[in-house]
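Engineer:
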Amino acid sequence: MGLMNSSQTSESLDLLKVVAEEIKRPLIEIARSSELITLTNQTALDSVIATVETSANTALDLIDSYLLGLQLAGQQQILQLEPISIGSVLYNTAHDLEKFAQAYNAKIQLSFKKTQRSVMAHSNGLHAALVNMGRVIIESQAEHNPQAVINIGLHNYAGLIVVGIYSDMEPIAPAYLRAACKLYSRTRQPFRQLSSSSAAGIFIAHNILQAMSVRLRTARYNKQAGLAVTLQPSYQMRLV
Amino acid sequence: MARILVIEPNLILAEVYRKILIKNKHKVWLAKNAQAAINIADKINPEVVILELQLPQHNGLEFLYEFRSYNEWRKTPVIIQSLISPNEFKDNYILWHKLGISSYLYKPKSTLLQLIDCVNSNLSLSVHAGI
Numbered sequence: 001m002g003l004m005n006s007s008q009t010s011e012s013l014d015l016l017k018v019v020a021e022e023i024k025r026p027l028i029e030i031a032r033s034s035e036l037i038t039l040t041n042q043t044a045l046d047s048v049i050a051t052v053e054t055s056a057n058t059a060l061d062l063i064d065s066y067l068l069g070l071q072l073a074g075q076q077q078i079l080q081l082e083p084i085s086i087g088s089v090l091y092n093t094a095h096d097l098e099k100f101a102q103a104y105n106a107k108i109q110l111s112f113k114k115t116q117r118s119v120m121a122h123s124n125g126l127h128a129a130l131v132n133m134g135r136v137i138i139e140s141q142a143e144h145n146p147q148a149v150i151n152i153g154l155h156n157y158a159g160l161i162v163v164g165i166y167s168d169m170e171p172i173a174p175a176y177l178r179a180a181c182k183l184y185s186r187t188r189q190p191f192r193q194l195s196s197s198s199a200a201g202i203f204i205a206h207n208i209l210q211a212m213s214v215r216l217r218t219a220r221y222n223k224q225a226g227l228a229v230t231l232q233p234s235y236q237m238r239l240v
Numbered sequence: 241m242a243r244i245l246v247i248e249p250n251l252i253l254a255e256v257y258r259k260i261l262i263k264n265k266h267k268v269w270l271a272k273n274a275q276a277a278i279n280i281a282d283k284i285n286p287e288v289v290i291l292e293l294q295l296p297q298h299n300g301l302e303f304l305y306e307f308r309s310y311n312e313w314r315k316t317p318v319i320i321q322s323l324i325s326p327n328e329f330k331d332n333y334i335l336w337h338k339l340g341i342s343s344y345l346y347k348p349k350s351t352l353l354q355l356i357d358c359v360n361s362n363l364s365l366s367v368h369a370g371i
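So the protein sequences, as listed, match chains G and X.
Read in the working numbering, the first sequence has 98 at position 98, and its numbers run on one by one without any break.
Read in the working numbering, the second sequence has 360 at position 120, and its numbers run on one by one without any break.
1. Counting contacts by CB-CB distance shorter than 9 Å, is residue 345 of chain X in contact with chain G?
2. Would you say residue 324 of chain X faces chain G, with C-beta separation under 9 Å as the test?
3. Going by beta carbon distance, what residues of the same chain come within less than 6 Å of residue 358 of chain X, once the five residues before and after it are set aside?
4. Against chain G, with Cβ distances strictly below 9 Å, would residue 256 of chain X count as a contact?
5. Whole angstroms are fine: how far does the CA of residue 243 of chain X sit from the CA of residue 182 of chain G?
6. Assuming residue 217 of chain G contacts residue 174 of chain G under a Cβ cut-off of 8 Å, what Cβ separation, rounded to an integer in Å, is found between them?
7. For a contact meaning CB atoms closer than 9 Å, what does residue 311 of chain X contact in chain G?
8. Taking C-beta to C-beta, are residue 144 of chain G and residue 80 of chain G nearer than 9 Å?
9. Output needed in chain order: residues of the segment 255-280 of chain X with a Cβ under 7 Å from some Cβ in chain G.
10. Can you pull the chain X neighbours of residue 142 of chain G, defined as C-beta to C-beta under 7 Å?
11. Under 9 Å Cβ-Cβ, which residues of chain X neighbour residue 29 of chain G?
12. Which runs of the alpha helix (DSSP H) fall wholly inside the segment 43-71 of chain G and span at least 4 residues, in chain order?
13. Run the CB neighbour count on residue 194 of chain G, radius 10 Å, all protein chains shown included, and call it buried at 16 or more, exposed below.
14. Would you check if the segment 265-274 of chain X and the segment 209-228 of chain G touch, i.e. whether three or more CB-CB distances between them fall below 8 Å?
15. Going along chain G in order, which residues have a C-beta closer than 9 Å to the C-beta of residue 354 of chain X?
16. Taking all protein chains shown into account, do 16 or more other C-beta atoms lie within 10 angstroms of the C-beta of residue 247 of chain G, making it buried, or fewer, making it exposed?
17. DSSP three-state label for residue 174 of chain G, please.
18. Flag this pair as yes or no: are the beta carbons of residue 103 of chain G and residue 252 of chain X separated by less than 9 Å?
19. Keeping to the same chain, check which residues put their C-beta closer than 8 Å to that of residue 10 of chain G; ignore five residues upstream and five downstream.
20. With a CB to CB cut of under 7 Å and the five nearest residues on each side skipped, what residues in its chain are close to residue 124 of chain G?
21. Against chain G, which members of the segment 286-314 of chain X pass a CB distance test of less than 8 Å?
22. Is there a Cβ from chain X that is less than 9 Å from the Cβ of residue 147 of chain G?
23. Which of the three DSSP states, helix, strand or coil, is assigned to residue 206 of chain G?
24. Give me the chain G residues within the contact set of residue 348 of chain X, using Cβ-Cβ distance strictly less than 7 Å, ordered along the chain.
25. For residue 319 of chain X, which residues does DSSP report across the bridge?
26. How would you label residue 141 of chain G, buried or exposed, when you count the other beta carbons within 10 angstroms and need 16 or more for buried?
27. Mapping DSSP to helix, strand and coil, what is residue 271 of chain X?
28. Under 9 Å, Cβ to Cβ, is there at least one residue of chain X near residue 166 of chain G?
Take a look at the structure:
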C-alpha cells in the first residue's frame, strides 16, 4: 500500500467511521438470526442459514471494498487502468448481488447488448464499486417497494460508456450526491430520502472510483434512476 | 396476546422480530417507514410499538411526534430498539421522556430475549395502569 497524504488519511478515517457503522447491520442480522434458531428450534433452518450467509458475506465485502479503496488511493500515482471487458464485470456484479437481492425480495436484471465492449478501468475496483452501489440501492428499494427490479445497465453517451445500477427509486439530484459525498461522516443518514442506513456502499464506491480518476454520478436509464460511472471505451481490445 | 407494531426498515431483522414475537403468542404488524406505520396503527390500534429511529424519509422522531398527537396513542408503550448509541440517546433524554418512550434497547447489544422481556413488562405495566 502506497503512502497517503494527510487529506487522504482524514478521508479514509471518515470512511472507516461510516463503514464501522454500516458493518453493525449485517452483524446484527447474523447475531439475531442465530439467536432465533436457538430460541425457536427453527424447522425452516435453510432460510435462516441463507440469511446468515448473505449477511456475513455483506460484512466481509464491505471490509474488503474499504481496504481495496484504501489500497487504490495509496497507489494513485501508479494506478494503471487497463482495457477490460465490461460485460464480464457486469455479469460478475449481477452474480454477486443475486443472493443479496433475494434476501430483500428484489430481482436483478442485466440490461446491455452482448456486443458491448471493453473500457479503460481497474477491473476489481469497478466490480467492487458496482457491487457496493448495488447493495445500497437494493436495500433502499426494499424499504419502499416489496418486489423491486434492479437493472445493471450500460449505454453509450457522447462516445463514452455509462455503466450503472438503476431502479424505480426517486432520482438523486447531482448536487445532493455531491453534498452527501462531502458530509457522509457527519450525518447518520446522508441519503435520508433513499435509505435508512449510512449508505456506506455509495461512499466506498465513490472512493474507489475517485482512485480510478472517474466520478460517481447520478443517471437515468430506461425510465429508471440510479447511480453510474462514465468510462472511456478501449479501442485496443476491439481489434483483438 | 397483544397487537404489536414493529417499525423496522431492515427486512431481515423485521422478519426475525416477527417470528420471535409470534412464537411468544403476539400478533405482529410490520412497517418499513413512518407513514406506513401511522396507517397500520390507525387500523390495528397497537398495544405496543417497537421503533427504529433511523427510518427512510420521515425519521423515528417525526413518527413519535405524529403518533403522540393522537389521543388514543398518547400512552401506548413505545420501545425504541435502535442503532442510535446509548450515549447519543442519553443526550436527548428529556426529549425522549417527553415523548413517552417506555424503554430503549441498543440493537447491537440487545438480544431477542431482552426484546421479549421488554415487550411483556411494558404490557403488564399497561394493564396495571389501565391503558
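Idealized CB from N, CA, C, for every residue including glycine.
Structural biologist: Looking at the atomic coordinates:
1. Here the question's residue 345 of chain X lines up with position 105 in the second sequence. No, its Cβ sits nowhere closer than 9 Å to a Cβ of chain G.
2. Here the question's residue 324 of chain X lines up with position 84 in the second sequence. At least one chain G Cβ lies under 9 Å of residue 324 of chain X.
3. Sequence index remark: in the second sequence, residue 358 of chain X carries index 118 (1-based). Excluding sequence neighbours, residue 358 of chain X sits near 319, 343.
4. As a position in the second sequence, residue 256 of chain X is number 16, starting the count at 1. Yes, residue 256 of chain X counts as interfacial toward chain G.
5. For the purposes of this step, residue 182 of chain G is taken as residue 182 along the first sequence, with counting starting at 1. For the purposes of this step, residue 243 of chain X is taken as residue 3 along the second sequence, with counting starting at 1. Cα-Cα distance, rounded: 43 Å.
6. The sequence position of residue 217 of chain G within the first sequence is 217, counting from 1. The sequence position of residue 174 of chain G within the first sequence is 174, counting from 1. About 7 Å; that satisfies the 8 Å criterion.
7. Residue numbering aside, residue 311 of chain X sits at position 71 when the second sequence is read from its first letter. Those within 9 Å of residue 311 of chain X in chain G number zero; the least Cβ separation is about 29 Å.
8. Start at 1 with the first residue of the first sequence, and residue 144 of chain G comes out as number 144. Start at 1 with the first residue of the first sequence, and residue 80 of chain G comes out as number 80. Result no, Cβ atoms of residue 144 of chain G and residue 80 of chain G do not sit closer than 9 Å.
9. 256, 259, 260, 263, 272, 273
10. Within the first sequence, numbered from 1, the residue matching residue 142 of chain G stands at position 142. Per Cβ cutoff of 7 Å: 251.
11. One-based indexing of the first sequence puts residue 29 of chain G at position 29. Within chain X, the residues near residue 29 of chain G are 250, 252, 253, 256.
12. none
13. Start at 1 with the first residue of the first sequence, and residue 194 of chain G comes out as number 194. That one is buried.
14. no
15. For the purposes of this step, residue 354 of chain X is taken as residue 114 along the second sequence, with counting starting at 1. Going along chain G, no residue has its Cβ under 9 Å from residue 354 of chain X, so there is no contact; the nearest lies around 10 Å.
16. Residue 247 of chain G lies beyond the residue range present for chain G, which begins at 1 and ends at 240; the question has no answer from this structure.
17. Counting from 1 along the first sequence, the entry for residue 174 of chain G is found at position 174. Here residue 174 of chain G sits in helix by DSSP.
18. Locating residue 103 of chain G in the first sequence gives position 103, where the first residue counts as 1. Locating residue 252 of chain X in the second sequence gives position 12, where the first residue counts as 1. In contact: residue 103 of chain G and residue 252 of chain X (Cβ atoms closer than 9 Å).
19. Your numbering for residue 10 of chain G matches position 10 in the first sequence. Excluding residues within five positions, none has a Cβ falling inside 8 Å.
20. For this step, residue 124 of chain G is matched to residue 124 along the first sequence. Once the five neighbours on either side are set aside, the close Cβ partners of residue 124 of chain G are 68.
21. 292, 294, 295, 296, 297, 299
22. Within the first sequence, numbered from 1, the residue matching residue 147 of chain G stands at position 147. Chain X, which has no Cβ nearer than 9 Å to the Cβ of residue 147 of chain G, makes this no.
23. Within the first sequence, numbered from 1, the residue matching residue 206 of chain G stands at position 206. Helix, per DSSP.
24. Locating residue 348 of chain X in the second sequence gives position 108, counting from the first residue. Simply 24, 28.
25. Against the second sequence, residue 319 of chain X aligns to sequence position 79. Residue 319 of chain X pairs with X:290, X:343.
26. As a working mapping, residue 141 of chain G is identified with position 141 in the first sequence. Classification for residue 141 of chain G: buried.
27. Working through the second sequence from its first residue, we reach residue 271 of chain X at position 31. The answer is strand: DSSP assigns residue 271 of chain X an E or B state.
28. Counting from 1 along the first sequence, the entry for residue 166 of chain G is found at position 166. No - not a single Cβ of chain X is within 9 Å of the one on residue 166 of chain G.
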